Structures are given as C-alpha cells and as structure tokens.
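The numbering of the sequence shown is the working numbering, which starts it at 27 and goes up by one. Each residue gets a CB set at the ideal place from its N, CA and C atoms; glycine is no exception. Quick caveat: nothing in here was measured; it's all calculated off a predicted structure.
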Amino acid sequence: MTATASSPKLRVDTRGTNQLPPHLDENLLTPRFYVTEFKKAAKTELIDAREEFEAMLSEMKADYNCTHFDRKASLDRLQELPQKSKEVYESYLVRSVISEFSGFLLFKEISNRLKKEGNRDLGKLFQFLARDEARHAGFLSRALVAEGIEVDLPHLGGKRAATWFPISWVIYSVYLSEKIGYWRYILMDRHLKANPDQAFAPLFDFFEPWCQDENRHGDCFTVMMRCWPGITKGFRGKLLSRFFLWSVFLTHTLTVCERGEFYELLGIDPKEFDEEVIKRTNHTSKNAFPWVFNLEDNKFWDLRNKIIESFRSFVSAKGLTKPVKFLKFATLIFKQFALPMEKTNALRYDKDVNFTGQDILNFWTDK
C-alpha cells in the first residue's frame, strides 16, 4: 500500500511484498509453524468424552461471534497520537497479526491432516478453530491497512519453517496460549470500558468477542487433554504442567516487560497486568492441568521481580559482563521453574507414579 502524506515513509520487505515503516523489524513477519504427530492425533479416542465433544463442536459450529466481526466496520478512527506512541501501537498490531496467523496455519494443517487420516469429527473442530484465527488475523490486518501498513498474509504462509512438537506438547501449549490470551484480552477490555478515554483505537471495540473465541478454543483443548489421560498422570503430568506453565508465564512476563510502553499507552501498569494475567491463567488451568503453581507463595512473585531486573540488566550489558549477567538470569529462571506446585482435581488419576527411567521414555510418547 502506498503511504499517504501523513504516514511514515514505508519500505518494502526483502521479497518486495509487504509495506513496512522503518521502525518495524522485517523479522516480525515470520509466522511460527508447528507440525505434530498427525497420525497419532487422528487416533484420539472420543468415546468417553463424546457428549462433551459434541457440545463443544455444536458451540463452535454456532459461531456466536460471526456478526460481531463486521468487515464493514470502520477501523480508521485512530485518535491523534504522538509518533512514538503510534509506532508502539503499530508494533503491537504486527506482532498480534503474525501470532493469530500462526494459529490459523497450525489449526488449518491439523484439520486437513485429521480429515485425511479419517477423523472427520476432530478435523471439523479444528476447521472451526482455524476459522476464528483467520478472522482475528484479518481484522488486525485491516487495522494495519488503516495505518498505511500492508501485510500480505497469504504470502507469509510460504515463509514458514516447521518446528516439530509431540502431540502432548501441542495440547498443553495451545491450551495455555488460548487461555492466557483470553485473560489478556478480557482484562484489557474491562480496563478500557472503565476508562473509555484511553480506548484510542477502534480495534479495541472487538476485544470482548475476541476473548470469547480464545476462551472457547482453550475449552476445546481441555476436551483433547481428557481424551489423552496418559499425558496428565504421575511424574509425566507434573513435569508437563510445570514446564508449560513456567515457560508460558516466563514468556509473558518478559514480553510485557519488553513492550511495557504499549500497556502504559492504555493506562495499564505493565507489572500489575502481568501479575493479574498469570494469576487468572494459573487458576483457570486447574480445570485442565493435574498440577499448577502455588501463587499464594510470594516466592514466585519475588523471583518474577528479580527476573525482570536481571533480564533488563542482561539486555543492556556489553562485553565481558554479558555472560555473567546471563548466568544470573538463568539461575533465577531455574529457581522459578523448581518452585512448589499444588495438585488439582481437574482429572481422575489411576495412581500416583514415582520417578522411573520409563517415565522419561513415556514423556516423549503418548501412551
């Protein structure tokens, strides 16, 4: 798209397709793409969860938000912002559109492969998930166009480098991605409704239906998790719960730390927002995960604060001090990883399993 007189000067990415202002890194335009054990996923046994699955499938088919994301809705009434604030908002849009588009690629591929392997019911569910992600990405893309930035999403689909994940990793990570996304959007939506003067962009009007989609997607993966009881039992279930909760929470903390200017632009305290999102997501995860972190213990938050300061110190370090700063940062995140967890009543267990060598083998398979 050609820049208007009031838009920042645009540059074209290396493939000559997307229009980027100078403050946006071209590397942002690389969607993440994951592949998994598609044949194993197609063998997901739905007998015990059939009633819950059918209810979820019907809810997704109903598409309650189909009228909320009106393609004719205006997205160009952005309030006057200082150039720096405008750049912060645009960076948020680009990162968000690539995130949503990555979700679309994942769900679409899973849907196609499941149908090919003969599991049409589960394939249909993932088709609906892909539909929602595509809708979100489309709206974010429109918001970028309103700012004079054009991102050719179909073209980006060809730039994907695949990362392989076991099916258990996909279930745990996508569940958390959707649920933490829900809490991020709903908390921002509540704040902006209470402070309408800070809702400077029309895109924020869509956060409520947006978060409802994220919540439903997480519920779909709750059903998936219950169809694979082996990934929630004993040592393996505790290790998977610990690793993914820790990694997702750590990523969220560092992301909010790096992009604090965006939240401050909305009148939101970044550190308080990060804490509230983590608390809500951890609590929600009790409905699906066998173990969650004990966030009533202040050790988690004390370490979180130290991690933020250590991360900032590491990023700004130069020369010989950088390895030392990194070692301190790595020590802190490992301490957070090892914090006590509490068992939930989300799922029924056959028995507790003590640590054995076989558990290490089972960790990589889905028995």
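Among the bridge pairs identified by DSSP, V318 is matched with E368.
The Cβ-Cβ distance between L291 and V114 falls below 7 Å. For F191, the secondary structure class from DSSP, reduced to helix, strand or coil, is coil. In the three-state reduction of the DSSP assignment, V274 falls in the helix class, which pools H, G and I. At the C-beta level, N221 and G293 come within 7 Å of one another.
Unbroken alpha helix (DSSP H) stretches of 4 residues or longer found wholly inside the stretch 80-160: 109-142, given in chain order. When C-alpha distances from K134 are compared across A160, G144 and D147, the shortest belongs to A160.
By alpha-carbon distance to R242, the top candidate from D89, D74, K66 and E71 is D89.
In the DSSP assignment, F337 falls within the alpha helix (DSSP H) that extends over N324 to S342.
Nearest neighbour of V318 by Cα position, chosen from K264, L280, R157 and K297, turns out to be K264.
The residue from K361, F261, G256 and E78 with its alpha-carbon nearest to that of L151 is E78. In the DSSP assignment, the residues bridged to F59 are A188. Residues P235 of the same chain have their beta carbon placed closer than 6 Å to that of H94, with the five preceding and five following residues left out of the count. For V249, the uninterrupted alpha helix (DSSP H) segment begins and ends at F233 to R252. Taking C-beta atoms under 8 Å as the contact rule, F59 and A188 qualify, at a distance of about 5 Å. DSSP places T347 within a helical segment (H, G or I) once states are collapsed to three. The Cβ atoms of F127 and L170 do not sit closer than 7 Å to each other.
Just so you know, the alpha carbons of K344 and F355 end up roughly 15 Å apart. A314 is positioned such that its CB atom lies closer than 7 Å to that of Y201. Between L365 and F326, the gap from beta carbon to beta carbon is short of 7 Å.
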